[in-house]
Amino acid sequence: GAVVSQHPSWVICKSGTSVKIECRSLDFQATTMFWYRQFPKQSLMLMATSNEGSKATYEQGVEKDKFLINHASLTLSTLTVTSAHPEDSSFYICSARGTSGASTDTQYFGPGTRLTVL
Amino acid sequence: RKEVEQDPGPFNVPEGATVAFNCTYSNSASQSFFWYRQDCRKEPKLLMSVYSSGNEDGRFTAQLNRASQYISLLIRDSKLSDSATYLCVVRPGGFKTIFGAGTRLFVKA
Chain P
1 GAVVSQHPSW VICKSGTSVK IECRSLDFQA TTMFWYRQFP KQSLMLMATS NEGSKATYEQ
61 GVEKDKFLIN HASLTLSTLT VTSAHPEDSS FYICSARGTS GASTDTQYFG PGTRLTVL
Chain W
1001 RKEVEQDPGP FNVPEGATVA FNCTYSNSAS QSFFWYRQDC RKEPKLLMSV YSSGNEDGRF
1061 TAQLNRASQY ISLLIRDSKL SDSATYLCVV RPGGFKTIFG AGTRLFVKA
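Same order as they appear, the protein sequences are chains P and W. Counting along the first sequence from 1, when you hit position 30 you're at 30 in our numbering, and nothing is skipped either side. Counting along the second sequence from 1, when you hit position 77 you're at 1077 in our numbering, and nothing is skipped either side.
#1: For a contact defined as C-beta to C-beta under 8 Å, what are the partners of leucine 44 of chain P on chain W?
#2: Quick one: give me the first and last residue of the beta strand (DSSP E) that glutamine 107 of chain P is part of.
#3: Look up serine 43 of chain P in the DSSP assignment and say whether it is helix, strand or coil.
#4: Counting Cβ pairs, one atom from each stretch, are 3 or more of them under 8 Å apart for the stretch 1022-1035 of chain W and the stretch 1085-1100 of chain W?
#5: Rounded to the nearest angstrom, what separates alanine 1084 of chain W and leucine 1105 of chain W at their Cα positions?
#6: Would you say glycine 1102 of chain W faces chain P, with C-beta separation under 8 Å as the test?
#7: From histidine 85 of chain P to lysine 14 of chain P, what does the alpha carbon distance come to, in whole angstroms?
#8: Quick one: is cysteine 1040 of chain W buried, meaning 16 or more other Cβ sit within 10 Å of its Cβ, or exposed?
#9: For arginine 1037 of chain W, count neighbouring C-beta atoms within 10 Å of its own C-beta (all shown protein chains included) and say buried if the count is 16 or more, exposed if not.
#10: Residues of chain W with CB under 7 Å from isoleucine 93 of chain P, in chain order?
#11: Tell me the DSSP secondary structure of isoleucine 87 of chain P in three-state form.
#12: Suppose the cutoff is 8 Å on Cβ atoms and the five residues either side in sequence are ignored; what does the same chain contact list for serine 9 of chain P look like?
#13: Between which two residues does the beta strand (DSSP E) harbouring asparagine 1022 of chain W extend?
#14: With a cut-off of 8 Å, does the C-beta of glycine 61 of chain P fall near any C-beta of chain W?
What follows is the structure, given as structure tokens:
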């Protein structure tokens, strides 16, 4: 099946720093990538949807200036958590939807990035 | 009302048992339905799509009831390895995907 990678898999940072998370589709081109956040024992919450070459669409309540999303190519999207605070500590997961064939109807998830802000 | 609602459980069942989960959704125009499985601290993985006529994949059976706006997942002959959180997923239309909070299943020896 299609593979999506994320980097880093975990990160610990000090409050006030910025953290960049990369999401790559390894064997298919992804026109659309999604960024989710999951707090312990809670559901995945969609943060934003990004289409290659255009601005991301953020869900209500998600600050676009705090969570910067860039989808510069069909295989790479990045999420930057700016000026991170302890309440941003969470599990961030990206997923990608393909451009053709079977990958168009399925979301393939990355392994997630666990962010801890001290 | 939440867009997708699931009983959080946990469901504690012995090996070999049959267990069923239900999930309700609020948007009657929803078009696609899925069950995902998520292991602790891991990403969700697609278990199966849910088709209008119902579908089966080995020990797993999924059903959709559009009139009552719910989907179900039945697991027969539970294995220890089935222990996980099962996420009900609804796609109202387009690319947006709504996840339920998940139902936790523990299968005991």
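For every residue, glycine included, the Cβ atom is placed at its ideal position computed from N, Cα and C.
Quick look at the numbers:
#1: Pro1044, Leu1087, Phe1099
#2: 107-109
#3: coil
#4: yes
#5: 5 Å
#6: yes
#7: 8 Å
#8: exposed
#9: buried
#10: Glu1043
#11: The residue you asked about is not isoleucine; residue 87 of chain P is glutamate in the sequence shown. DSSP places glutamate 87 of chain P in helix when its eight states are reduced to three.
#12: Pro111, Gly112, Thr113, Arg114
#13: 1019-1025
#14: no
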